[in-house]
Amino acid sequence: MQGVISRSKDAPVELVTVTVPDPGPGEAVVTIQACGVCHTDLHYKQGGIGDDYPYLLGHEAAGIVESVGEGVRDLEPGDYVILNWRAVCGTCRACKRGRPWYCFATFNATQKMTLEDGTELSPALGIGAFIEKTLVAAGQCTKVDPAAPPEVAGLLGCGVMAGIGAAINTGEVGRGDSVAVIGCGGVGTAAVTASFLAGAAKIIAVDVDERKLATATSLGATHTINSKQVDPVERIRELTDGNGADVVIDAVGRPETYEQAFYARDLAGTVVLVGVPTPEMTLELPLLDVFGRGGRLKSSWYGDCLPSRDFPMLIDLFLQGRLPLDAFVSETIGIGDIEAAFEKMHRGEVLRSVVVL
728 MQGVISRSKD APVELVTVTV PDPGPGEAVV TIQACGVCHT DLHYKQGGIG
778 DDYPYLLGHE AAGIVESVGE GVRDLEPGDY VILNWRAVCG TCRACKRGRP
828 WYCFATFNAT QKMTLEDGTE LSPALGIGAF IEKTLVAAGQ CTKVDPAAPP
878 EVAGLLGCGV MAGIGAAINT GEVGRGDSVA VIGCGGVGTA AVTASFLAGA
928 AKIIAVDVDE RKLATATSLG ATHTINSKQV DPVERIRELT DGNGADVVID
978 AVGRPETYEQ AFYARDLAGT VVLVGVPTPE MTLELPLLDV FGRGGRLKSS
1028 WYGDCLPSRD FPMLIDLFLQ GRLPLDAFVS ETIGIGDIEA AFEKMHRGEV
1078 LRSVVVL
């Protein structure tokens, strides 16, 4: 199969021939129809996640099951699926406590895809979907309504689900709440959309790019703040009667944006970190402020989603016209255009470029 790899840190991606084995026990081969270009793939390329090169990039994907291995139940060839990177185990301490969205032992395919010379590939987030067909654990396949186009459905595989879940699952945004979202890329804008869907009364979008703020407004933000021009903490307080927001979501994942989120929330409010920091980042806050302000400081893993529960529900909302997932697709591209898509992402020109195969 033709697939896109990152061979070494910061090297341009390459389109190469990849050997995909037949599925073994508990595995499935999926024909990829579309895959979003996610910032996490760029992190892999830049060495921000690990150094287990070469990586087979791509993970935000939808497609059709081609074949399944021995022992696979509830999945068969022809099923239309979204791939997920948290296939729950059902047996770890989180799963046994009825919290499978926190599963501590998620799993991937046992076999490895390889280059023609036998070099084993590390699939991004255990998926590797910038390829014609990929090998995954059967539990990484979530069946959804095939009426949803793959370039839209696949976005739930990572960034959009992370943002929606950060608001609804982790932040527990509800009717009448005030919400501030710091960083309005794909994840942050999804959090804005989910807050609107949940009935939040005030949704404040914060970014340094007026284009992103305009998009956030079109998807539900009631107020916008350009943090290059004003202090976002003070402005959020002004917009919330001097109190701060009930929920503040940091979709950037930097020490300075987390500190803004911490001080921009109301007393006993909630901070949600969904932006992914890099390994060298550290945070310093006065412990008395952590104690005195109360509330909850939470990290959101994949939007604390349970794919089998959340993916079909969100696809249904899209098909009902209540969740505009198609608004996140900035462009569709070919498999040879991924390096250019990374550059557009870095310049803030797109919410999502989506590779259509």
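For the sequence shown, my numbering begins at 728 and goes up steadily by one. We put the beta carbon where it would ideally sit given N, CA and C, even for glycine.
6 Å CB neighbourhood of residue i in its chain, flanking five on each side removed
{"i": "Y829", "result": "A821"}
{"i": "I776", "result": "H770"}
{"i": "R902", "result": "G926"}
{"i": "P1034", "result": "N811 and T869"}
{"i": "E1011", "result": "none"}
Per-residue DSSP class, three states only, for residue i
{"i": "D1043", "result": "helix"}
{"i": "E1011", "result": "coil"}
{"i": "S733", "result": "strand"}
{"i": "R1074", "result": "coil"}
{"i": "L810", "result": "strand"}
{"i": "D778", "result": "coil"}
{"i": "A851", "result": "helix"}
{"i": "V745", "result": "strand"}
{"i": "A995", "result": "strand"}
{"i": "E1066", "result": "helix"}
{"i": "A875", "result": "coil"}
{"i": "A948", "result": "coil"}
{"i": "G890", "result": "helix"}
{"i": "G969", "result": "coil"}
{"i": "G1030", "result": "helix"}
{"i": "G790", "result": "strand"}
Residues of its chain near residue i, where Cβ-Cβ distance is below 7 Å and the 5 sequence neighbours each way are ignored
{"i": "D904", "result": "A927, A928, D973 and V974"}
{"i": "E878", "result": "A761, V1056, T1059, V1081 and V1083"}
{"i": "I759", "result": "A788, G790, A856, I858, E859, K860, T861 and L1084"}
{"i": "T951", "result": "A932, L940, A943 and T944"}
{"i": "Y990", "result": "V960"}
CB-CB length for residue i against residue j, believed under 8 Å
{"i": "E859", "j": "L1084", "result": "6 Å"}
{"i": "A865", "j": "E1007", "result": "Not confirmed; about 37 Å, so no contact."}
{"i": "V935", "j": "N953", "result": "6 Å"}
{"i": "G730", "j": "T837", "result": "G730 to T837, Cβ: 19 Å. No contact."}
{"i": "I809", "j": "V871", "result": "6 Å"}
{"i": "S1027", "j": "G892", "result": "6 Å"}
{"i": "L1050", "j": "L883", "result": "In fact, because the Cβ distance is near 10 Å, the residues do not count as touching under 8 Å."}
Cβ-Cβ distance between residue i and residue j below 9 Å
{"i": "G1030", "j": "V998", "result": "no"}
{"i": "H1073", "j": "L802", "result": "no"}
{"i": "C911", "j": "V919", "result": "yes"}
{"i": "G971", "j": "D993", "result": "yes"}
{"i": "I1065", "j": "L784", "result": "yes"}
{"i": "A907", "j": "V887", "result": "no"}
{"i": "L924", "j": "G890", "result": "no"}
{"i": "G913", "j": "L1078", "result": "yes"}
{"i": "D977", "j": "T967", "result": "no"}
{"i": "K839", "j": "D778", "result": "no"}
{"i": "Y782", "j": "I732", "result": "yes"}
{"i": "E843", "j": "V743", "result": "yes"}
{"i": "K772", "j": "V740", "result": "yes"}
{"i": "R981", "j": "G1002", "result": "yes"}
{"i": "S922", "j": "I930", "result": "yes"}
{"i": "F831", "j": "A814", "result": "no"}
Residue i: CB within 8 Å of a non-hydrogen atom of the ligand COA
{"i": "V815", "result": "Judged by which ligands are present, the structure shown has none, so any question about the ligand COA falls away."}
Span of the alpha helix (DSSP H) around residue i
{"i": "E1058", "result": "Element bounds for E1058: not the alpha helix (DSSP H) but the beta strand (DSSP E), E1058 to I1060."}
{"i": "W768", "result": "At residue 768 the sequence reads Asp, which differs from the Trp that was named. Element bounds for D768: H766 to Q773."}
{"i": "Q760", "result": "Unbroken run through Q760 is the beta strand (DSSP E), E754 to G763; no alpha helix (DSSP H)."}
{"i": "L1050", "result": "L1050 -> no alpha helix (DSSP H), and no H or E assigned at all."}
{"i": "E797", "result": "Run containing E797: none; DSSP gives neither H nor E here."}
{"i": "L966", "result": "P959 to L966"}
{"i": "V919", "result": "G913 to A925"}
{"i": "L882", "result": "Where L882 is concerned, there is no enclosing alpha helix (DSSP H), given that its DSSP letter is neither H nor E."}
{"i": "Y985", "result": "P982 to A991"}
{"i": "E937", "result": "E937 to S945"}
{"i": "A932", "result": "First-last for A932: K929 to D934, but that is the beta strand (DSSP E), not the alpha helix (DSSP H)."}
{"i": "A821", "result": "R820 to K823"}
Same chain, Cβ closer than 8 Å to residue i, neighbours up to 5 away in sequence not counted
{"i": "C885", "result": "G763, C765, T767, H786, E787, W812, L852 and Y1029"}
{"i": "G805", "result": "I791 and V792"}
{"i": "K1086", "result": "The requested residue 1086 is not part of the displayed model; the chain covers only 728 to 1084."}
{"i": "A874", "result": "L1046"}
{"i": "D1053", "result": "P876, V879 and F1045"}
{"i": "A995", "result": "R1020, G1021 and G1022"}
{"i": "Y780", "result": "S733, R734, S735, K736 and S849"}
{"i": "G1075", "result": "G912, D936, R938 and K939"}
{"i": "E1070", "result": "none"}
Where the beta strand (DSSP E) through residue i begins and ends
{"i": "T1089", "result": "With the chain covering only 728 through 1084, there is no way to say anything about residue 1089."}
{"i": "A865", "result": "Taken as a continuous stretch (DSSP letters only), A865 belongs to no beta strand (DSSP E), as it is neither H nor E."}
{"i": "R1023", "result": "R1023 to S1026"}
{"i": "A907", "result": "S905 to I909"}
{"i": "S954", "result": "No beta strand (DSSP E) holds S954; DSSP gives it neither H nor E."}
{"i": "V1081", "result": "S1080 to V1083"}
{"i": "D801", "result": "Element bounds for D801: n/a, residue is neither H nor E."}
{"i": "D973", "result": "A972 to D977"}
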